[in-house]
Structure formats: structure tokens, C-alpha cells
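Here's the structure, in C-alpha cells; my notes come after.
Protein chains: 2
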Amino acid sequence: MDIETYITDLGSRARAAAREISSATTAQKNAALLSIADAINEGRKSLLESNKEDLIAGEKKGLDAALQDRLELTEKRIDTMIEGLRQVASLDDPVGEISDLKYRPSGIQVGRMRVPLGVIGIIYESRPNVTCEAASLCLKSGNATILRGGSEAILSNQAIAACIDIGLESAGLSKNVVQVLDIIDRKAVGELITKPEFVDVIIPRGGKGLIERISVDSKVPVIKHLDGNCHLYIDEKADVEKSIKVAINAKTQRYGTCCTLESLLVAESIAARVLPELCEAYQAHKVEIRGCDKTQKLVENIIAADEEDWGTEYLGPILSIKIVADADEAINHINFYSSQHTESIMTEDHDLAQRFLREIDSSSVMVNTSTRFADGFEYGLGAEIGISTDKLHARGPVGLEGLTSQKFIVLGNGHIRT
Amino acid sequence: MDIETYITDLGSRARAAAREISSATTAQKNAALLSIADAINEGRKSLLESNKEDLIAGEKKGLDAALQDRLELTEKRIDTMIEGLRQVASLDDPVGEISDLKYRPSGIQVGRMRVPLGVIGIIYESRPNVTCEAASLCLKSGNATILRGGSEAILSNQAIAACIDIGLESAGLSKNVVQVLDIIDRKAVGELITKPEFVDVIIPRGGKGLIERISVDSKVPVIKHLDGNCHLYIDEKADVEKSIKVAINAKTQRYGTCCTLESLLVAESIAARVLPELCEAYQAHKVEIRGCDKTQKLVENIIAADEEDWGTEYLGPILSIKIVADADEAINHINFYSSQHTESIMTEDHDLAQRFLREIDSSSVMVNTSTRFADGFEYGLGAEIGISTDKLHARGPVGLEGLTSQKFIVLGNGHIRT
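Taken in sequence, the protein lines are chains A and B.
In terms of my numbering, the first sequence has 413 at position 413, counting the first letter as 1, and numbering is strictly consecutive.
Count along the second sequence from 1, add 418, and you get the number used in my numbering.
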């Protein structure tokens, strides 16, 4: 079968399944999620075997250690998948929620009802547990899903897909509600992202290269998660002790996440009280500091930051530091260089905190808090399918609600317009 | 100047203006709206003169009567523009609204703040009053706007733009907050819709051809308003009297609007009690009826409907009618043929009404109500910039809220993640 026919068949099945799952009851969806968890629990042995084959093939292909690590399923990672499924089952069902139902002067009642988006395409790289995570969130939010994982994880993904099938069928749902692409050919992705008749939204999960490639070529709306070049600004009126604690946590608690601090701004009037102690702590953590001229004068053993540094997401133990005249300069610098992901201010000045919240144009804006909190679980969304750096539809961590939309509902009793 | 440079300059000015208007106060934005209203009121004479020149040029070019009518400004249409501006000034400001601010177990507070989208590009056809309507809604919602009207209305649009400039400046705002393209070359649109660095969303207003062309070529998200092939289903358990009243209103109250009824479905068991009387009323209104076989047997002088009719938005005094076995067939027919705009059911059966609301996948779903109510004013949005038939971001009538997005805000007191 050629790839276009393959995607057309798959897409048509997804469309029909979307209709089915959109009106499934909460009980039915939860039963499916719990059955998938059970099937994964019972299928551990076969999951690990399939995964081992992927790992061996990866080794032969010379995949690097980091990639092999992301590809690997362990007993503990399987436990996490199972726990995740049970947790999604325990979340409130967003579908069908009616809000703002009000009487209008004409006598009709107008409100909004939360509804699924339809068919969601997830394109991701090596981590096979994404298969389970993404499928569970789409299922609970009443959407059909088409999953396309990395070619290096194909056997692991198929083994997980088999467990998902068992769970769906035992809950009386079509297995077309979640479909995993079983062909490796890259053209399949090209077909999938140019078929708005079959797919309502594409969510790519992976490196920046993957996301940019898909965004450029897609004819379907894409929920993008691009860079996380996150800033912390320590203001003149900041509490020094809190600021140092937060600045260290934001950078060093984990280096590789999108909400890790990448660039620190400090008001000139407080820099001498903050930076020497803070940089000493960073250096103890082996964080490489790249500073502006003024920072270099205050602290020893610092590399000079260049223009490129202000726009870079290091995703590692490197931090750029700039001393700024005041909050105006900090706000302008952030709005110019940031990737609109997460920015935070340290200040005890209420008016300035309010202004920062209002004027910083990023998906998460924080006061006196570590940027590391920018996460669906920490925000109380229950789980997240990704973080959106887009402006339309969803900004920031995307949970179940971000996988739905709202339609208008109107109730009358024979009302006509005059 | 070449067109690319022209759009780059215009786009850069819009970006800077977007930053300014996003943090303007409510009072400042309202002052600008009221000043624009005053400037239009005082500039009536020059508006009418510019419009007359456009009309004369249109006549020479041989524009048809309908187009010339849409192009024309009258004293009454100018009054409506002024009234619209004052009404938008009186609406609540959506920007900065904080919702769902809650404490999380970690001790941080997480909520959402409503924020402007940034720069909105409006591409429209002949009606010059759109210049004023669109600019006022974008301004109130804190966005910068780039407007591109039809070439036949260029002098009228420039005259309105001059009034907008006066209003913005008298409120201390940059006139770059609202920019009207003053070149006719179609390439300018091509440039505008492929520059996401300058424009955050494109809203085309006009015929289906325009909207499809822009959607295909755009590299910027588009809020689309495609067909309104709206359905009314009269169920077995409908009240006959109410149903006839609503069905007549939905079709005949206005023929040319997107929420006008285009296809009527009637349950077989009630058809003989409803259709003869209803069709007589339609025929008195000179509505051409195209019916299925069964309808033709019940009512005389009816044209046969073919497959194409079920998918057609007539925008005129034509209606297709189909007799269906039951609600299942009606729901399936609608979800297959509708353009997901507005659909309504007539029934006294509570369970079925709930099911219809849930299972019909359209931007507005109604019970016992005329489809003609699908309108921003009737829904209480205050005003509308268009109606979205998309699923992401906004569905149905788009008011001020649809021109904004929500970011997360996080408040702490030195909180760190552990």
C-alpha cells in the first residue's frame, strides 16, 4: 500500500473514532484508562523484550548514550506509566462542562460547552512512554489520537499500542480511538501534517529542529513548544536572601528542562550585595557564568557574554548574567530576548510586581518564585501534554483543557429573532 | 519603496505599537475610542466626499449594484459607526483580568491573566465601515491592528484612517496602533500573511474565495469564517406550532446572513403534521423548496433536491428539506453535511435535547430556537469581529475575549522547587 492511501485509511478511521469517543461517558473513558494500566502491568515482560530489541538495534546504529537512555524502558518507568494512567483516570472530565449559561434580553439562554478538538496527531522522538502519556490525555479529553513515535522506538511503541488496544476494547471502545503509526517512512509524517480533513491539531514533542520542521510544513494547526530562554530579574527592592535562594534553585535544580533559568538580570544598585555570594554558589555547582562588563568587574573568573548569549537556551550548567540600570531596562531586555516561555521577578515592591506581571509577554510570568515551577503538575493541571509557546488557543503548560475547545449552546422555548 | 520593505516597516511599527497598547489603561483606550467617534462625527463631510470618489470610480469600473451598495457610506451608516465606537468604549476591558488564582500544595499561587494577542491583521473587502469596527475591537482588546480593505474603498478607508489617527493622538497613543495599508498592490497581502514576526493572527472578512485563498497561503494563524450551512431538525416530540414559527423565522427573517437556515430536517412521524402548513408559509414568502422524495410526496410544487443541495449554503430564498427516520439519522446527516456553524433542534424531549447539544459538532448548537440568534450581539459579547468556524482558539462569534489569550501568573514569596 502506498503511504498516501495508508494515511487516508488511518485518517478516516480516526475521524470516525473521534465521533465515537467525543460522546463516550466519563465512566467508559475511565474504564478504558484503568484497563490500559492493567494491560501494561500484565504485559511488562513483553514490553521489556520489545524494548530490548529496540535498544540492541539502537546500539548497532550507534545511537548516543543520551538517546539510548531516553529509549530505555525499565520496571520503574513502566510503574510511572501505569501510575500516570490511573492519575489521568482520576482527573475531572472536561468534556461537556457548561459555563456562563445566562439569560439574554431576548429570552434565550446562552452558554458555552467544552468539547473535544477531534483528532490529535502527536509526533515525538525516542521516549516510548510518550505513547502512553499522550494517548491517555487525548482519550480522557474525548479526542481520537494518531501517534507517530521515533523509528528507533518502533517495537516498544507497538508493544504499548497493543496494551492500549486491549484496554480500549475491554471498555467497549473502538481501537481506532488510539492509532500508532507502524511504518517508519518519514513521508508518513509529511502526509499526516498536510491533511486537515483528518487531523485537527498536531502536537510535536521533541527537539527544536523537529518542531520547526513540522511548523513550517504543516497545513494543520500546530501547538508548538519552542525554546525556553527563561529570565529571572532581581530588582533593587528584592529581598537578597530570598533572591539568592530562588536564583540558585531556578538554575541548578535541573539543568535540562525548558523552565530552567538561562539568563539572570540584576539591578545595578543591588548587584554588589547579590552577585558575589550568588556567583560563588553557582561556581560551587560548577555552573559556567558568562557575564556583562559590569558583572565581570564584580565577580572574578567570569567569561564575557556576547550578544548571542542573551538569546541562548543552554539546557546545561551555563548561565548568562547582565547588570541592568532598572526595571525598565530589565523588562525591555526580557521582551526583546526571551522566547516567551517563563520569566520571574524578585521584588518586594507591589506596584512593580503588578507591572511585571502585566508587561512581560511570556506564557508564564512569576513573582518571587523559581522558574522551575512552570509545569502542568505544579500548576494543578493534573498532567501536561506539553508547554505551548504560542499565543493562540493555549499558552504555557497544556493539560486536558488545552485539548478541548468551547462551543456556544443556546436554549429557547420557541424563540424567534425579530 | 518595494513592497517587502513597505510591509517590513509597517510590521515593525505595529510590533512596537502592540507593546504600547498592551499596557495602555482602560481609560486611555476608552478616551481614544470616544475621540475617534468625535473625529468621524466632525469629519462627515470629508468622509462622504472621499466615499463619493470611490463610488464614481466603482461605477466607471462597472462594479455591480450589490458591491456599490456595500461600498456606500450614508449619514445613517456613519451614525452606526459612531454608535459602534461608543458602544465598544462602554464594554468591559478584557485585558489584565485575573481568573482561577489558587494556592497550590507547594505554597505558590497560580492563576491566569487575560492578555492581548499582539498584532492583528484584518483583510476585508468592500465595506469601509469594517475599518472602524475592526479597529475599535482590536484597540479595546489591547492589540495593534493592520487593516487592508478592498481597493475599491481605498479613499473611504483612508478618510476613516485619518479620523482614527486624530483619536489615537488625542488620547496620547501612537497612531501606529492602527495602520491602514495605503497601497493597492495585491502582493502586499501576500507579504503580510507570510510574516509571523510582525503579525500574530489574520482575520479575513469577506467571501469564501478570499478566506480560502488567505488560509492556504498564510504562515500566520488565521481565524476563519467559512460557510454557514445551518440546519434545523424538527423532532417527533417537537411542538408543532413552535416549530413552524421557528422554522419560518430561521429561513425568512434575513436571507443573506451566515446563520440563516439552509436545510430543514423533519422526523418522518411528524412530517405530515408539519410540512404542508410550513411549506405553504414558505411558498407565501416565495422561498423555493428543494425536497427529498418523501417531502415531494407530502407537498406539491417542490423541486427535487440532489446530493449537492444538502451541502449548499444558498444565502438566498431557497431551502432544502429532508424527511429523516429519527434523531439518529438527523444527527448523522448534520455532522456529515453541515459546515459546523449553527444547528438547532425542535423537541420537547429533554434527554434528546441534551444529546443533540452534546453530539452536534458545530460552533453554535441550539434547542427550540431560531438559528438567526447566532450573533455576537445576541450572545452578549457586545460586538463581534467575525464568527469562527475553526475549532482551535475561538469557535462561533468572536468578541473582545476572542482577540485575547491567557497567560499563567505565579505568585510566591521566595518559593523554590524541591
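Even for Gly, the Cβ is constructed at its ideal location relative to N, Cα and C.
Nothing here was measured: the structure is a model prediction, and the numbers come from that model.
- For the region 782 to 799 of chain B, the beta-carbon criterion of a distance under 8 angstroms to any beta-carbon of chain A is satisfied by SER782, VAL783, MET784, VAL785, ASN786, THR787, SER788, ARG790, PHE791, ALA792, GLU796, TYR797, GLY798.
- Taking a contact to require three or more Cβ pairs closer than 8 angstroms, the region 354 to 363 of chain A and the region 601 to 612 of chain B do not qualify as touching.
- Here ARG604/B is exposed, its C-beta having fewer than 16 other C-beta atoms within 10 Å.
- With three or more CB-CB distances shorter than 8 angstroms, the region 117 to 125 of chain A counts as touching the region 192 to 211 of chain A.
- Residue environment for GLN354/A: exposed (fewer than 16 other C-beta atoms within 10 angstroms of its C-beta).
- Between the C-alpha atoms of THR423/B and PRO534/B there is a straight-line separation of about 26 angstroms.
- Rounded to the nearest whole angstrom, the CA to CA distance from ILE154/A to LEU47/A is 12 angstroms.
- Within the region 71 to 104 of chain A, those residues whose Cβ lies closer than 8 angstroms to any Cβ of chain B are, in chain order, GLY96, LYS102, ARG104.
- Close partners of MET1/A in chain B (Cβ separation under 8 angstroms) are lacking, with about 26 angstroms as the shortest Cβ gap.
- Taken in chain order, the complete alpha helix (DSSP H) segments of 4 residues or longer contained in the region 310 to 337 of chain A are 327 to 337.
- ASN786/B is positioned such that its CB atom lies no closer than 9 angstroms to that of THR760/B.
- Excluding residues up to 5 positions away in sequence, LEU683, ALA748, ILE763 lie with their Cβ nearer than 6 angstroms to the Cβ of TYR651/B in the same chain.
- In the structure shown, ASN368/A falls within a strand segment according to DSSP collapsed to helix, strand and coil.
- The Cβ atoms of ALA394/A and LEU91/A lie no closer than 9 angstroms to each other.
- Residues of chain B with a Cβ closer than 8 angstroms to the Cβ of PHE336/A do not exist; the shortest Cβ-Cβ separation is about 10 angstroms.
- For THR549/B, the closest alpha carbon among the candidates ARG566/B, LYS558/B, GLY560/B, ILE662/B is that of ARG566/B.
- When secondary structure is reduced to three states using DSSP, CYS648/B falls in the strand class.
- Near chain A, meaning a CB-to-CB distance below 8 angstroms, the residues of the region 527 to 538 of chain B are VAL528, MET531, VAL533, LEU535, GLY536.
- When 7 angstroms is used as the limit between beta carbons, LYS660/B is near these residues of chain A: GLY414, in chain order.
- For ALA281/A, the closest of ILE244/A, ALA171/A, PRO105/A, ALA134/A by C-alpha to C-alpha distance is ILE244/A.
- Within chain A, no C-beta atom comes less than 7 angstroms from the C-beta of PRO735/B; the nearest is roughly 17 angstroms away.
- DSSP places THR822/B in the uninterrupted beta strand (DSSP E) bounded by 822 to 833.
- Chain-ordered, the chain B residues with CB closer than 7 angstroms to the CB of GLU359/A read SER441.
- GLY529/B is positioned such that its CB atom lies closer than 9 angstroms to that of ILE827/B.
- In this structure, the alpha-carbon of ARG545/B lies about 11 angstroms from that of ARG495/B.
- Taking the Cα positions, GLY429/B is about 42 angstroms away from GLN671/B.
- In the structure shown, ILE611/B adopts coil according to DSSP, grouped into three states.
- Neighbours of ASP657/B in chain A, taken as residues at a C-beta separation under 8 angstroms, are given in chain order as GLY414.
- Residues of chain B with a Cβ closer than 9 angstroms to the Cβ of ASN30/A do not exist, since the nearest Cβ in that chain sits about 18 angstroms away.
- Fully enclosed alpha helix (DSSP H) runs of no fewer than 4 residues occupy 129 to 140 of the region 85 to 141 of chain A, in order along the chain.
- Only exposed fits ILE98/A, as fewer than 16 other CB atoms lie within 10 angstroms of its CB.
- Considering only GLU731/B, TYR755/B, ASP769/B, THR713/B, the residue with the shortest C-alpha distance to ALA743/B is THR713/B.
- Boundaries of the alpha helix (DSSP H) around LEU451/B: 444 to 460.
- If you compare the alpha carbons of ARG708/B, GLU477/B, ARG835/B with that of GLU726/B, the shortest gap goes to ARG708/B.
- Residues of the same chain with a CB within less than 7 angstroms of the CB of ILE323/A, apart from the 5 flanking positions on each side, are VAL266, GLU268, ALA271, CYS292, LYS294, THR295 in chain order.
- Membership of THR347/A in any beta strand (DSSP E) is not indicated, and neither H nor E is assigned to it by DSSP.
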